[in-house]
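What follows is a short report on a single structure.
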Amino acid sequence: MPSPFLEALSLTCERDWRVLFEGLDLEIRAGEMLQVSGPNGSGKTSLLRLLGGLMQPTQGEIRLNGKALLAQRAEVARNLLWIGHAAGIKGLLTAEENLVWLCALQRPSTRDAIWTALDAVGLRGFEDVPCHTLSAGQQRRVGLARLHLDAPPLWILDEPFTALDKLGVAQLERHLAEHCERGGMVVLTTHHTLGERPAGYRELDLGRAA
Amino acid sequence: MSNVFVLLFAREARLLCRRPAELANPLVFFAIVIALFPLAVGPETQLLQRISPGLVWLAALLAVLLSLDGLFRGDYEDGSLEQWVVSPHPLALLVLAKVLAHWVFSGLALVILAPLLGLMLGLPGSAMPVLLLSLLLGTPVLSLLGAVGAALTVGLKRGGLLLALLILPLYIPVLILGSGALQAALQGLPAAGYLLWLASLAALALTLTPFAIAAGLTISVGE
Amino acid sequence: MNWTWFHKLGSPKWFYEISGRWLPWLGWAALVLISVGLVWGLAFAPEDYQQGNSFRIIYIHVPSAFLAQSVYVMLAVAGLVGLVWKMKLADVALQQAAPIGAWMTCIALLTGAVWGKPTWGSWWVWDARLTSMLILLFLYFGVIALGHAITNRDSAAKACAVLAIVGVVNIPIIKYSVEWWNTLHQPATFKVTEKPAMPVEMWLPLLVMVLGFYCFFAAVLLMRMRLEVLRRESRASWVRSEVRALTEGER
C-alpha cells in the first residue's frame, strides 16, 4: 500500500478555550475526495486551514509525503492549492489580471491558458471586466478558474459551491470528480450533498467525530 | 523569485492607481494638519518658522500612519493574504514589495508635497534640500514600521487607534532625527550627521522589518 | 546537552508544582529585603550633600526603573522563546509580566516627578531619562492593548511577542535618540544623572532594594502565571483536584 499523500496524526484544535476536535487522524491518498461535514462551528474551516498549513494545530502533526508540513514549506506550496471562503480576488482588477497574479504566485501560466480556463468556467467575454462589476457567483468562478489551470495535485476548497448556480455546481462537481479520477485529491467542505462522487469519495463528519 | 517581487509591485501599483481618491487622502490630511497649526498658535512668521521643522515632520508622520491603517486589510478580507502565506515564495519578500509600492505612491507624494507646505510655514529655500532628503529617508522607515503594526492589527475590526498606539512610540527616533536635521538646516548648521543616521535607520528597517511584518501577517492569518 | 529540563519547563503541571515550592521563598525574600532596604535607606543612610533628604526617593525610584526596563527585555525574551520553541509557558509569562512592568514604569515616573519637584522646581521636565521612561510606558501600553484586542488566545500571545521583539530592538535606538534630542535642546541644565560617586552607605541599601524589587516581581509574576495556568488547563484532571483541594482547604 503506498504511503498517504497527506496525513494528519492525532490532531487537536482548540479555539478560545473550546476544543473543536481532539485526536483526529486522517489520511488522503491519490484519487481520493474527502468531504468534511458537520454543523456550523464544528471546525470544518479550521481543519482545512490546518491541512493547508495556514494554522498550527494545538497538538498533533500533519505530514505531506511522510514529512512534517512545517519542515517543507516550498514543497507544500507546490503540491497544494488552497481556495478559502474568499479566493483572493481583487474587485479592482480584471478577471485576467487576478488570475495572472494568482498563478504567478504558485505556477506561472500563459495568457492563453488563462483565457481557456476562464472559458471553462463560463466567463467568456468577461476576461477584462473589473471583478467588482461581476456577480458573487461570477467572482467565485474567477477563483475556481484556477482549478482549470496547471494545478497542484491536492486541492483544499472551503465551501467552493457557495453562490454558484445549478449549472455551475454540476460543472464543478464533475470537474472535481475528474480530477480525482486522474489521481488528484480534493478536500472540501460543503453543506450540499454531492451529486457526482468519484470512486475514492469519503466523508468526515466532525459533528460525530467530536 | 525577483519576478514575483516585480509582479506584485506592479499589481499593487495598478490597484493604487485605480483608487486615486484614496491616494489623495493622506496628502489632503497632511495639508490640513499643517494648516491647522497657524490657526492654533497664531500666524506670527517668526514663531511658525521656528517650529516648522517639528510641524512638518509631525504632520508627515501622522499622514503616513493614517494611510497605513488599511494597508493589509483589503488583502486580509478578500483572501489574498492566505494565498500569499500558502505560496512557495518568502512572505517577507512579498510584504516588502507591497510596502514599497505603497510608499512610492503615498510616501513619495508626501515628500514632494512637503516643500510647498514648508514654504507656507516660512521655511527658507536653503532648508528645502534637507527637508526633502530627510523625508525621503525617513518616510520609508515610517511605512515599514507602521506596516508591522498594520500586520498585527489586520484581523481586528477596529485596528486604527490601536495601530497608532502600537506604532507611534516606535516612530520617535525618526521624528527626532528628521526634525533635528531640519532644525540644524534652519540654523545654518550641517545636517549630514542626522541624515546619515536616518539613512542607517532606513537600511535597518529595510532589512529587519519585512520579517516582523511577515511574522505578524502569518499570526493574523492563522487566527 | 540535555534539554529535558527545558521541555519539562514547558509542562504546566510541572511548572505549577515547582513554582508552588518557590513562591513562599520568593515572597519572604521580597518582604525581608524590601523592609530592610526601606528602613535602612529612609532612616539610616546619610543625607545627600546637595539634595538633602529628598534624594531618598531613589530607594523606590531606581529599583522600579531598573525593573521597568528589564521586564520589557524579559517580555521580548519570553516572546522569542514562545515563537521559536512554541513554549506555552513563555506566552503566559509574557502576557502576565506586561502589566507588572507597566506598573513599575508608572511608579518610576511618579517617583521621578516627586523627586523632580524639589530638584528642578517642577513636577515634570523633559529630561532624557523621564522621557525615555514615558515612552517605555507607551510601549507597555501597546503590548497590553494588543493582547487584549486579539480575542484568540494563542494569536494574542504571538502578536504580543512580535511587538515586544520589535520594541526591544527599538529601545536602544529610542534611548539614544532621546538622549541626543535632550542634549540639543537643554544644553546646560542641572543634571541629577551626573552626580558624584555614591558612598557605600548610600548604595548598599539601594542594592538591597533592587534585589527586593526583583524578588517581588518574580513572586507576583509566578502568582499571576499560576493563576493563568490553572485557567488555561481547567479541563485537566490535576487542575480539578488542585482546585478542589484549595477550595476545601478554605472551608
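If you're matching them up, the sequences are chains A, B and C in order.
FYI, the working numbering numbers position 205 of the first sequence as 211, with every residue one higher than the one before it.
FYI, the working numbering numbers position 187 of the second sequence as 794, with every residue one higher than the one before it.
FYI, the working numbering numbers position 172 of the third sequence as 268, with every residue one higher than the one before it.
All C-beta atoms, glycine included, are put in the ideal place defined by N, C-alpha and C.
- Not one beta carbon of chain A lies nearer than 8 Å to the beta carbon of B/Q794.
- Counting of Cβ neighbours within 10 angstroms places B/F712 among the buried residues, the total reaching 16 or more.
- Its Cα nearest to that of A/P158, the residue A/S115 stands out among A/D211, A/G49, A/Q145 and A/S115.
- C/R336 is outside the set of residues whose beta carbon lies under 8 Å from a beta carbon in chain A.
- Taking C-beta atoms under 8 Å as the contact rule, B/G785 and B/W710 fail to qualify, at a distance of about 15 Å.
- Annotation: the region 709-762 of chain B contains the following complete segments of the alpha helix (DSSP H) (minimum length 4 residues), in chain order: 715-727 and 735-760.
- Of all residues in the region 650-668 of chain B, none comes within less than 8 Å of chain C when Cβ atoms are compared.
- By the Cβ rule, the region 37-52 of chain A does not count as touching the region 105-113 of chain A, because fewer than three pairs are nearer than 8 Å.
- By the rule that beta-carbons nearer than 8 Å mark a contact, C/T279 does not touch chain A.
- Each of B/V706, B/M735 and B/S687 was checked against the Cα of B/S659, and the nearest Cα belongs to B/M735.
- For A/F167, the three-state secondary structure derived from DSSP is coil.
- Classified as buried, C/I269 has 16 or more neighbouring CB atoms from the shown chains inside 10 Å of its CB.
- Only F237, G238, A241, L242, A245, I246, N248, S251, K254 and A255 from the region 237-256 of chain C bring a Cβ to less than 8 Å from some Cβ of chain B.
- Judged by DSSP in its simplified three-state form, A/P136 adopts strand.
- Only those residues of the region 17-49 of chain A whose C-beta falls short of 9 Å from the nearest C-beta of chain C are listed: E20, R21, D22, W23 and V25.
- For A/E28, the enclosing beta strand (DSSP E) has its first and last residue at R24 to I34.
- Within 7 Å of the CB of C/S273, the CB atoms of chain B belong to I779, P780, I783 and L784, in sequence order along the chain.
- Taken atom to atom, the span from the alpha-carbon of B/A792 to that of B/L740 is near 12 Å.
- When DSSP assignments are scanned along the region 172-236 of chain C, the uninterrupted stretches of alpha helix (DSSP H) that are 4 or more residues long and fall wholly within it turn out to be 184-216.
- Counted as a single uninterrupted DSSP element, the beta strand (DSSP E) harbouring A/T195 occupies residues M191 to T195.
- Contact between the region 125-139 of chain A and the region 86-98 of chain A is established, with three or more Cβ pairs separated by less than 8 Å.
- With respect to the 8 Å criterion, B/L752 and B/A699 are not classified as neighbours on the basis of their beta carbons.
- Collapsing the DSSP output to three states places C/M294 in coil.
- Taking CB atoms only, B/P627 has no neighbour in chain A less than 8 Å away.
- It is roughly 23 Å from the alpha-carbon of B/L749 to the alpha-carbon of C/G243.
- CA-CA distance, B/G829 to C/A260, rounds to 19 Å.
- The three-state secondary structure of A/T18, taken from DSSP, is strand.
- Its chain contains T760 as the residues whose beta carbon lies nearer than 6 Å to that of B/L769, once the 5 sequence neighbours on both sides are disregarded; these appear in chain order.
- Here the region 141-153 of chain C does not lie against the region 169-177 of chain C, with fewer than 3 beta-carbon pairs under 8 Å apart.
- For A/R24, the closest C-alpha among the options C/R340, C/G345 and C/E329 is that of C/E329.
- The beta carbon of B/G729 lies closer than 7 Å to those of T652, L655, Q656 and S659 in the same chain, with the five residues before and after it left out.
- Annotated three-state conformation of A/D118 is helix, per DSSP.
- In chain order, E33 and R69 place their CB closer than 6 Å to the CB of A/E13, counting only its own chain and leaving out the 5 sequence neighbours on each side.
- Against chain B, the CB of C/V325 has no partner CB under 8 Å away; the residue lies outside that interface.
- DSSP places C/I114 in the uninterrupted alpha helix (DSSP H) bounded by P108 to V135.
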